[in-house]
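Taken in order, these protein sequences are the chains called W and B. The first sequence begins at 85 in the numbering used here and counts up one residue at a time. The second sequence begins at 85 in the numbering used here and counts up one residue at a time.
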Amino acid sequence: MTALPDIGPSRRVTRLGSDYHISFHAMATPCEVRVECDDAGLAETIGAAVESETRRIEAKFSRYRADSVVSRINASGHLGLAVDAETASLLDCARQCYLVSKGMFDITSGVLRRAWRFDGSDNLPSAQKILDLLPLMGWPKLTWKPPELKLPPGMEIDFGGLAKEYAVDRALAEAAAIAPLPMLVNFGGDLCVTGPRKGGAPWNVAIDSVEDSGKMAGLIQLKEGALATSGDARRFLLRDGVRYGHILNPRTGWPIRDAPRSVTVAAYSCVEAGISATLAMLQGRHAEAFLKREGFRAWCIR
Amino acid sequence: MQLKKRRGTVRKSLARISAGLLAASLPPVAGQAAAQSYYDDAYGARNDNFGPGFSYTQLDAALLVYQESGSRVSATEPTLNLTMHAADGRQLSMGAVADAVSGATPNGAVPSILPQNFVTPIRAQGSSTSVTGASGGSTIIHLPPTPGQVAAAALGRQYTVPANTLPVDKGFHDHRAALTGAWAQPLGGITEIGFGAGYSRESDYQAITANTHLSQNFNANNTTVSLALNSEFDSSFPFGGIPTPLTLMNAQWKPQTSRNKTQLGFVLGLTQVMTRAWLTQFNFAFDQQSGYQNDPYRILSVVDPVSGLPTQSLYENRPLQRQSESLYWDNKLDLGPTVTDLSLRYFTDSWGIKSVTAELAERLNLGSAFYVEPSARYYHQSAANFFHFYLPGGQALPAYASSDTRLATFSATTFGAKLGWIVSKRSEFYLKGEYYTQSGNGHPAGAIGQLKQQDLFPKTNAAIAFIGYSWDFH
């Protein structure tokens, strides 16, 4: 596993208190690794491993790359493509999420991007345009007979709601395999730690303010597990005073109404936290009730 | 959306799903252990449909109902198939079929301007089965004594066919049950290797089948080559015993009770992805059958060479050997809104039958939950070289003769439509209707006497309905 040659070394390593802080940009988001140690060389090795694993996952599952597995699945359509075990496990995960969420978490809903552009403008798509896209959505229309996936004409999949969180978990596991140090991996707010800091101290994680990026809306002390945030802080449309967030309901094709501005969920893994946060957002005005009933450790901002 | 579930069930499911994903992809030592232990500690081991394993089971259940026009043959056939897929590509499948067939089948004799009587054995001789009288419009008769015969055994069944009517035997009903099992798996560099076996049983027929296949993908899975070997061993033990070919139809129990047939064959297949929207497949099949292939209940008429009136009914006879070859070409085309399936087949055998089949099906999605698939099929065959509607009297008998119209020259069309309802992500319900029309030349050139005015090949129409359900589960 090596970084793609056309990217080049983009990592920056800095000393931040008792941590080494490694940062790079991947998966369209800022990525950081914090390693609590005094060995710069070891921190660099860990940073390289995290970046390499992240770029591997990005290259494999990005829908923007023609040679990714996702692009090849979408290009193969109904002729089907036999996928490798890792892709199969992501597909199975997506299938199970579809079941648990009763269709609200759906990796086929990316076709809605053809209608929706969340650029902060007031350009809403026409109702007809949305209606035309609905037949192209729905996991049950796919034929998933492991290891082969077939897509009906016009349909496509993407792992937009899974890949980044998966990369956090995988990258942290790669890092932890190098040295048993306290570490935190954070990709654009989706993060996971190996355990508490030295002496059992927690990691301090700020929840981003939704109104003014960079300000803090809360502080979470995390000793183990992961955090993920779902929200419309920067991606929305605003028309006639109504805010249309970027979380779309796959059943209607329209944004979820009355959802919290942001939901942060703590869980064992980043994948679990991310899916949970998304599913909570999909509950709209029932998000808090859902989180409470299910017993999540979560923080909502309205 | 309202998730009205018990407290925490969604959270636990999501935890399990995530643990499953990471357990499957993390390095075995660190990741799997970590995910598994957290999963166990936090939520306990609960086994439901959303577990991390990727094995699953497919269940297909269907019911077929077949009805020929004019209250001829009707059949009901429930089927059940279960396939278990393991995560590593191994699969085990089992199937069961039952059917009940009843009605009236042509006995092979020609119609006549006069009523005709036919006799067949009844299940009285040496059997505890009681005779309850008339069966399907027939009567129990006392046979004229023949030398050496025990008088008490001299019972037969007689049925009368009215004038100008195709002779059919209405006493026809049978049940069949069949079981199949198969195993397939990848093996080393071989894409798939498999074995299967089946057993089918009717009251007067038994079939045992065994097969094996190999398939190999090449060219980045764009090409698949496969070879299947099939074998079958059949036993026929007709009601009333095995009649002596080309002898007079009678009600006596025949001394020989069963005959066998063996069949060996292979199918060589090539599947090729041509373009993103075109998949094509070629199959070449070869079969060699040897043994008893007669229809033991079927007769043919010997007619008066001038008047055309039937004078005798003889049991049919077919060659013991039959060798056939067929070539099949199938194309699946994705034409945008629809998916087209077009196939052609050519068949030829050593009995002189040559046939062509063309079939077209078009699938259209109706919204997200439904689809329709109209289909049309055309079939034409030439006659076997020993097919005769009847034999003229006063001539030497041929070695082989049958009046089974399935061996005649005929054409058939089938129109159908399937309506599918995708009930849920894992289940589908479908209804399918088909209408079949078979027609041949019922007024062959050179028909003798009264046969000129008879339709020797009445048109057969049949309606077929399927109802089915398929379900995938863990």
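No residue lacks a Cβ here, since even glycine has one placed at the ideal position from N, Cα and C. The structure displayed is predicted, hence computed values, not measured ones.
In this structure, DSSP gives W/VAL289 an extended state, which the three-state scheme calls strand. Sequence-distant Cβ neighbours of W/THR98 in its own chain, meaning closer than 7 Å and more than five residues away, are HIS105. Bridge partners of B/GLN175 according to DSSP: B/HIS169, B/ALA268. Against chain B, a Cβ distance below 7 Å from W/LEU163 picks out VAL357, ARG360, LEU363. Under the Cβ criterion (8 Å, minimum of three pairs), the segment 504-517 of chain B does not count as touching the segment 530-539 of chain B.
Nearest neighbour of B/ARG447 by Cα position, chosen from B/SER495, B/TYR474, B/LEU503, B/TYR430, turns out to be B/LEU503.
Counting only the Cα atoms, B/SER408 lies some 10 Å from B/LYS438.
Residues GLY436, ILE437, LYS438, SER439, THR493 of the same chain have their beta carbon placed closer than 8 Å to that of B/SER466, with the five preceding and five following residues left out of the count. Taken atom to atom, the span from the alpha-carbon of B/ASN334 to that of B/ASP425 is near 50 Å. For a Cβ distance threshold of 7 Å, residue set LEU106 of chain B lies close to W/ASP253, ordered along the chain. In this structure W/LYS225 is buried. Its beta-carbon is surrounded by 16 or more other beta-carbon atoms within 10 angstroms. The Cβ of W/LYS144 sits no closer than 8 Å to any Cβ of chain B.
For the C-beta of B/ASP418, the chain W residues within less than 7 Å are, from N- to C-terminus, GLY161, HIS162, PRO237.
Taking the Cα positions, B/PHE350 is about 5 Å away from B/ALA312.
In this structure, DSSP gives W/ASN158 a helical state, which the three-state scheme calls helix.
Below the 7 Å Cβ cutoff, chain B contributes no neighbours of W/SER193, its closest Cβ being approximately 12 Å away. Residue-level contact check: B/ILE274 does not touch chain W, since none of the beta carbons of chain W fall below 8 Å from its beta carbon.
Ranked by how close their Cα comes to the Cα of B/TYR381, the residues B/PHE302, B/THR544, B/PRO251, B/GLN479 have B/PRO251 in first place. W/GLU128 carries a helical assignment under DSSP once its states are collapsed to helix, strand and coil. Between B/ARG343 and the set B/THR204, B/PHE279, B/SER374, the nearest pair of CA atoms involves B/SER374. Chain order gives the chain B residues near W/LEU218 as SER452, where near means a beta carbon separation below 7 Å. Between B/ARG406 and B/SER385, the C-beta spacing is not below 8 Å.
Interface annotation, B/LEU143: not in contact with chain W, CB-CB separation never under 8 Å. For W/THR192, there is no enclosing beta strand (DSSP E), as DSSP gives it neither H nor E.
Residues of chain B whose Cβ lies closer than 8 Å to the Cβ of W/CYS177 are, in chain order, ILE101, SER102, GLY104, LEU105.
For a Cβ distance threshold of 9 Å, residue set LEU98, ILE101, SER102 of chain B lies close to W/ILE359, ordered along the chain.
Residue-level contact by beta carbon fails for B/ASN303 and chain W, as no gap is shorter than 8 Å. ASP418, LEU419, GLY420, PRO421, THR422, VAL423: these are the residues of the segment 418-436 of chain B whose beta carbon lies less than 9 Å from some beta carbon of chain W, given in chain order. Taking one beta carbon from each stretch, the segment 295-305 of chain B and the segment 272-285 of chain B have 3 or more pairs nearer than 8 Å; the two touch. Chain B places a beta carbon closer than 8 Å to that of W/GLY222, counting this residue as a contact. The DSSP assignment places complete beta strand (DSSP E) segments of no fewer than 3 residues inside the segment 262-333 of chain B at 274-286, 289-302, 307-320, in order along the chain. The C-beta of W/TRP228 has 16 or more other C-beta atoms within 10 Å across all chains shown, which makes the residue buried. W/ARG381 has its alpha-carbon roughly 32 Å from the corresponding atom of W/ARG201.
Between the segment 202-215 of chain W and the segment 151-166 of chain W there are fewer than three C-beta pairs closer than 8 Å, too few to call the two in contact. Against chain B, a Cβ distance below 9 Å from W/LEU268 picks out nothing, because the smallest value is about 16 Å.
Secondary structure at W/LYS376: helix, using DSSP grouped into helix, strand and coil.
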